[in-house]
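Numbering (the numbering used here), first residue to last: 858 to 1459.
We treat Cβ as the ideally placed atom computed from N, Cα and C, and that holds for glycine.
Computed from a predicted model, the values in this text were never measured in an experiment.
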Amino acid sequence: MNDTVLLGIAGIVIIGVLTQWLSVRLRIPSILLLLAAGILAGPVFGWLDPDELFGELLEPFVSLAVGVILFEGGLSLRLRELEGVANVTWRLVSIGAVATWFVVGAAAALLFDMPAAIAALLGAILVVSGPTVVIPLLREVRPTRPLGAILKWEGIVIDAVGAMLAVIVFEAILQGQVTRPLAETIREIVIFLLVGVGVGAAVAAIMVPLLRRFQIPDFLHSGVSLMMALTAFTAANSIQSEAGLLATIVLGFAVANQRSVSVRSIVEFSETLRVLLIAVLFIVLAARLEIDAMLALGGAGLVFLLIVIVVARPLATWLSTVGSKLNWRERLFLSGVAPRGIVAASISAVFASELAEADFEGAETIVPAAFLVIIGTVAVYGFAAAPLAKWLGVAQPPAHGVVVVGAGYVAREIALGLAEAQIPVTVVATNRSDDYTARMAGLDTTYTTLLGEHIDEPLLEGVAMALALTPNDEYNSLVSLRLADHLGQGATFQLAPSRESESSGTQRPPELRGRLLFDEELDHQRLATLLHDGYVLKATQLSDEFDFDAYLGNSVGDVYPLFVVDGSGGLRASTIQETETKPQPGEKVIGLAREKNSDPGP
């Protein structure tokens, strides 16, 4: 491998990952920065020529990468998410898809003076959305249920639907058919669905039993899952063009919804791979873009983008939600979210290239128009979706809440202290007696298990932190691990292990527990003793005149700062492992201290 190829590939990966990290820091949709990086590296400065770098491997690589991305999308689909909204979701990917296809295709024909068949192909391509843009957007906006589930399912499934429509139109163009008999169209749709679902299900029927019987070693889970995804994609595509997209979605869905074995390692690997592939694909495809061709679209291009956003999407949403239980606010929000992503970019490039080689009029407009819509929809929805959700009242409140696991004496006192400081607290009781006592104390309490097959999703809505405060160290560790899958490792905490655990050598390593709270001495027993001895949990506002040092020196006896509430209402916990930022004026300290008038006892 020569140095040019080596530098090119390494540069794409480095720029792609750095760009995604920068987008998180700047709170800008990552795709916008990735596209900008690709355009700068390619057509603007000429540093990157993907066709020269990858040669004939470019299109197969793009296709396989998209298949892997959709496999990861399938892994995120849970059947229980469709409860009560399945009808709306299926309408969006059927009736809504056809409505979008018609409106966008008609607009392309009128505005770009395209042949009807080429315009229909562009309309089919722009039916798609995709997990690469929808899932990050949902993570940022955090819409209320069931909007998040509807948009996630639509964004993933509609990629296969759009690809199917595009294939049908593309083959009709190659065969010189302006219109196609209905029976032939239905036959192709049935074949596409049978091949995609059939191959995906067949590969899943091989993979799932192997996982269930533990015939695949844990260290091979990720490798085998990637192999199976590529197998499903390639096998389906060899039978029916683009059916591999549906096959990988079906495979991911089947693996994610089986209940026999954990697929956590597969999901984590796929998510990591998705981040890398998205970075590479958007930079590579954007680097092939001809800026002059996009600018040549002029005002017609902007009108086309406007029609996609304010006509096609609202019409598709209205037709798909007629008679549903969604209120007008929820429908309006659905109308305002439909970004296009990597699938539109990849299939537009593939089909346009083949049509251009065959000298079809209008083929040169497909890629510029598709990228205009990708950039425009990501920009508009990326910056407008969150304000729209807040204005409509369909956004979850800021995640400042806390789940306290355990409802014993220590857990109740800490929960009450947090509640008095205006922190939303939900207590999860592990037995009926503690559940009753916590309710009588005025706490928002639920009696459930967090170690079952599923965690009740509403329980974690608006939650930023979980505190495992039971007297059982092992249970605290297990619950912390389970909640880390939903909240992240940085947001799950547990009490320091008891002295008995330390002396017996049964203390868990960091990867098998949550972050340890407070101080090594403040285990459950020590906290209970302090509370019985007159210590109370109280919040103190810091200021320039009364800073953290003054707070520590103003207490009677020892003082134990446990939490800090920042100016926006966010909660930070004091931990053993890390040195936390010193509380600043304007913040509030929640600490354990003795009341000045309390009797310390003998």
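For residue j and residue i, the rounded distance between their alpha carbons
i	j	result
Leu1316	Leu1324	14 Å
Ser1082	Val1018	24 Å
Arg1002	Val1014	19 Å
Glu938	Val991	16 Å
Thr1091	Ala1213	25 Å
Ile1231	Leu1419	47 Å
Ile869	Val1267	52 Å
Gln1346	Arg1269	24 Å
Val942	Pro1000	15 Å
Gly903	Leu910	12 Å
Arg1385	Val1120	Checking the sequence, you will find Ala at residue 1385 rather than Arg. The straight-line gap from Cα to Cα measures roughly 39 Å.
Phe1161	Phe1217	21 Å
Gly1443	His1343	31 Å
Ala1104	Ala974	27 Å
Ser1177	Gly912	43 Å
Cut-off 6 Å between Cβ atoms - residues of its own chain near residue i, not counting five sequence neighbours on either side
i	result
Arg836	Here the chain covers residues 858 to 1459 and nothing more, so residue 836 does not appear.
Leu1183	none
Arg1131	Ile926, Glu929
Leu864	none
Gly931	Ile1106, Gly1109, Phe1110
Collapsed DSSP secondary structure at residue i in the structure displayed
i	result
Gln1032	coil
Gln1398	strand
Leu1373	strand
Leu1307	coil
Pro1418	strand
Ala1215	coil
Gln1115	coil
Ile1322	The amino acid occupying residue 1322 in the given sequence is Met; Ile does not appear at that position. Met1322: strand per DSSP, three-state reduction.
Gly1258	strand
Ala1252	strand
Asp1404	coil
Val1267	helix
Pro1000	strand
Asp1390	coil
Asp970	coil
Asp1380	strand
Trp904	coil
Ala1023	helix
Cβ neighbour criterion (16 or more within 10 Å) applied to residue i
i	result
Ala1407	exposed
Gln1072	exposed
His1381	buried
Leu905	buried
Ser887	buried
Gly1424	exposed
Gln1441	exposed
Arg1070	exposed
His1078	buried
Pro1244	exposed
Met1322	buried
Phe1173	It is Ala, not Phe, that sits at residue 1173 in the sequence shown. When all chains shown are included, Ala1173 counts as buried.
Arg1289	exposed
Asp1149	exposed
Ile1043	exposed
Arg1199	Checking the sequence, you will find Ile at residue 1199 rather than Arg. So Ile1199 counts as buried.
Asp860	exposed
Leu1399	buried
Residue range of the unbroken beta strand (DSSP E) whose run includes residue i
i	result
Thr1302	1302-1304
Leu1449	1445-1451
Arg1429	1428-1430
Ala1286	1282-1286
C-beta neighbour in chain B for residue i, strict 8 Å
i	result
Gly1158	Absent from the structure: chain B. Only one protein chain is present.
Host alpha helix (DSSP H) of residue i (start-end)
i	result
Phe1161	1155-1164
Ile1073	Element bounds for Ile1073: n/a, residue is neither H nor E.
Phe1350	From DSSP, Phe1350 is part of no alpha helix (DSSP H) but of the beta strand (DSSP E) over 1349-1351.
Ala1169	Taken as a continuous stretch (DSSP letters only), Ala1169 belongs to no alpha helix (DSSP H), as it is neither H nor E.
Ile866	860-883
Ser1334	1330-1344
Asp908	907-911
Thr1088	1078-1096
Neighbourhood of residue i by C-beta distance below 7 Å, restricted to the same chain and skipping five residues each side
i	result
Leu915	Pro907, Asp908
Ala1242	Leu994, Val998, Gly1193, Val1194
Met1151	Pro1225, Phe1228, Leu1229
Glu1187	Leu1004, Val1251
Glu1277	Ala1396
Cβ neighbours of residue i in the same chain (closer than 8 Å, five flanking residues each side left out)
i	result
Thr1283	Gly1258, Val1259, Val1260, Val1261, Asp1301, Thr1302, Thr1303, Leu1316, Val1320
Ala1353	Leu1373, Leu1374, Phe1375, Asp1376, Glu1377, Glu1378, Leu1379, Asp1380, Ile1433
Asp1456	A caution first: Asp1456 carries a pLDDT of 49, below 50, which makes its placement in the model too unreliable to give a value.
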